[in-house]
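Undergrad:
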Amino acid sequence: MANVMGDLFAHWYDDLMRPLEKRRFQAIRKKLIGKAAGNVLEIGSGTGINFVHYNQADEVTAVEPDAVMREKSRQRMKEAPVKVTLLDSPAEKLPFADHTFDTVVTTLVLCTVQDPALVLQELHRVCKPEGRLLLFEHVRHDNRLLSAIQTLLTPLWKQLCGGCHLNRDTLTLVQQHGFHIVSTEQFYNRIFVAVEAAASVKRQSAQSNP
Numbered sequence: 003m004a005n006v007m008g009d010l011f012a013h014w015y016d017d018l019m020r021p022l023e024k025r026r027f028q029a030i031r032k033k034l035i036g037k038a039a040g041n042v043l044e045i046g047s048g049t050g051i052n053f054v055h056y057n058q059a060d061e062v063t064a065v066e067p068d069a070v071m072r073e074k075s076r077q078r079m080k081e082a083p084v085k086v087t088l089l090d091s092p093a094e095k096l097p098f099a100d101h102t103f104d105t106v107v108t109t110l111v112l113c114t115v116q117d118p119a120l121v122l123q124e125l126h127r128v129c130k131p132e133g134r135l136l137l138f139e140h141v142r143h144d145n146r147l148l149s150a151i152q153t154l155l156t157p158l159w160k161q162l163c164g165g166c167h168l169n170r171d172t173l174t175l176v177q178q179h180g181f182h183i184v185s186t187e188q189f190y191n192r193i194f195v196a197v198e199a200a201a202s203v204k205r206q207s208a209q210s211n212p
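Count along the sequence shown from 1, then add 2; that gives the number in our numbering.
(1) Do we get a CB-CB distance below 9 Å when we pair residue 70 with the residues of chain D?
(2) To which residues of the same chain is residue 194 closer than 6 Å at the C-beta, ignoring the five residues directly before and after it?
(3) Assuming residue 131 is part of the beta strand (DSSP E), what are its boundary residues?
(4) Quick check: what's the CA-CA separation for residue 213 versus residue 191?
(5) Do you know how far the Cα of residue 44 is from the Cα of residue 176?
(6) Distance check for residue 130 and residue 50, CA to CA, integer angstroms please.
(7) With distances taken from CA atoms, which of 179, 83 and 110 is nearest residue 127?
(8) Since residue 133 and residue 59 are thought to touch, with beta carbons under 8 Å apart, how far apart are those beta carbons, to the nearest angstrom?
(9) What's the C-alpha gap between residue 55 and residue 146?
(10) So is residue 174 buried or exposed if we call it buried at 16+ other beta carbons inside 10 Å?
(11) Hey, quick one: how far does the beta strand (DSSP E) through residue 29 stretch, first residue to last?
(12) Just grab the DSSP bridge partners of residue 89 for me.
(13) What do you get for residue 107, buried or exposed, if any count of 16 or more other CB atoms within 10 angstroms of its CB means buried?
(14) Return the CA-CA distance between residue 197 and residue 80, expressed in angstroms with no decimal places.
(15) Buried or exposed: which applies to residue 184, given that a residue is buried once 16 or more other Cβ atoms fall within 10 Å of its Cβ?
(16) By how many angstroms is the C-alpha of residue 42 removed from the C-alpha of residue 62?
(17) Is it buried or exposed, residue 20, if we count other Cβ atoms within 10 angstroms and call 16 or more buried?
(18) Helix, strand or coil for residue 47, going by three-state DSSP, please let me know.
(19) By Cβ distance, which residues of its chain are closer than 7 Å to residue 22, with the 5 residues on each side in sequence left out?
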């Protein structure tokens, strides 16, 4: 049943998201993805909706483990202004060497992965020490009542929306796994955030060597 729901969600994802994309998300993506430079990794490329916005990148490697989503991504590769290589890979175990990418990108993905801490650990590993993380995500609200509602709704929401968790404290996880937040922009009453973060390998190394 879960696989059936997941396939249906993947198939109808663009239609379900179209109102939000037109109203706000498209502009958010354009501004955030426009900052991606150099050799770029995007995890969970979904239907490839970000591809058209990579105006500053040299090349993009995108990973997407869902076959339905991956096929939709493949159709949008032709719209990208740069070369896009699309791979089937889980974000928890990326097939890349340490310090490969100048920019890593994740948009509306960390809410759905099984182990967001491991994913962020992997993103930090493959990001160059001077590299950046660009993230757009919905997060656990800082209001206790709204946070409790998110937690209450999450079990059903996961079943309907491809494993999406409404209540993950993603910003804290980002900081706990090697990234230093440079800037954040909040949307929809602080439920959604766009984040630019710097990899902090050098800083961590200095702290670990007294």
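All residues carry an ideal CB built from backbone N, CA and C; glycine is no exception.
No experiment lies behind these values; they were computed from the predicted model shown.
TA: With the structure as the only source:
(1) Any reference to chain D falls outside this structure, which holds one protein chain only.
(2) Position 192 of the sequence shown holds residue 194. Counting only Cβ-Cβ distances below 6 Å, and skipping sequence neighbours, we find 140.
(3) Walking along the sequence shown from the start, residue 131 turns up at place 129. Run containing residue 131: 129-140, per the beta strand (DSSP E) assignment.
(4) Here the chain covers residues 3 to 212 and nothing more, so residue 213 does not appear.
(5) Indexing the sequence shown from 1 puts residue 176 at position 174. Indexing the sequence shown from 1 puts residue 44 at position 42. Approximately 16 Å between the Cα atoms of the pair.
(6) Here residue 50 refers to the residue found at position 48 when the sequence shown is read from its first residue. Here residue 130 refers to the residue found at position 128 when the sequence shown is read from its first residue. In a straight line, the C-alpha of residue 50 is about 24 Å away from that of residue 130.
(7) For the purposes of this step, residue 127 is taken as residue 125 along the sequence shown, with counting starting at 1. Of 179, 83 and 110, the residue nearest in Cα terms is 179.
(8) Translated into positions along the sequence shown, residue 133 becomes position 131. Translated into positions along the sequence shown, residue 59 becomes position 57. At roughly 13 Å, the Cβ-Cβ gap does not stay under 8 Å, so residue 133 and residue 59 are not in contact.
(9) By 1-based counting over the sequence shown, the position of residue 55 is 53. By 1-based counting over the sequence shown, the position of residue 146 is 144. Roughly 36 Å between the two C-alpha positions.
(10) As a first step, residue 174 must be located in the sequence shown, where it is residue number 172. Exposed.
(11) Here residue 29 is taken as the residue at index 27 of the sequence shown, counted from 1. From DSSP, residue 29 is part of no beta strand (DSSP E) but of the alpha helix (DSSP H) over 28-35.
(12) Taking the sequence shown and counting its residues from 1, one reaches residue 89 at position 87. Residue 89 pairs with 65.
(13) Residue mapping note: residue 107 aligns to position 105 of the sequence shown, counting from 1. So residue 107 counts as buried.
(14) Here residue 197 is taken as the residue at index 195 of the sequence shown, counted from 1. Here residue 80 is taken as the residue at index 78 of the sequence shown, counted from 1. When rounded, the distance between both Cα atoms is 27 Å.
(15) Here residue 184 refers to the residue found at position 182 when the sequence shown is read from its first residue. The residue is exposed, with fewer than 16 neighbouring Cβ atoms inside 10 Å.
(16) In the sequence shown, residue 62 corresponds to position 60, counting from 1. In the sequence shown, residue 42 corresponds to position 40, counting from 1. Those two C-alpha atoms are separated by around 5 Å.
(17) Position 18 of the sequence shown, counted from the start, is the residue given in the question as residue 20. By the neighbour-count rule (16 or more Cβ atoms within 10 Å), residue 20 is not buried but exposed.
(18) Working through the sequence shown from its first residue, we reach residue 47 at position 45. Looking at residue 47 - three-state DSSP - the assignment turns out to be coil, as it is neither helix nor strand.
(19) For this step, residue 22 is matched to residue 20 along the sequence shown. Here the set comprises nothing.
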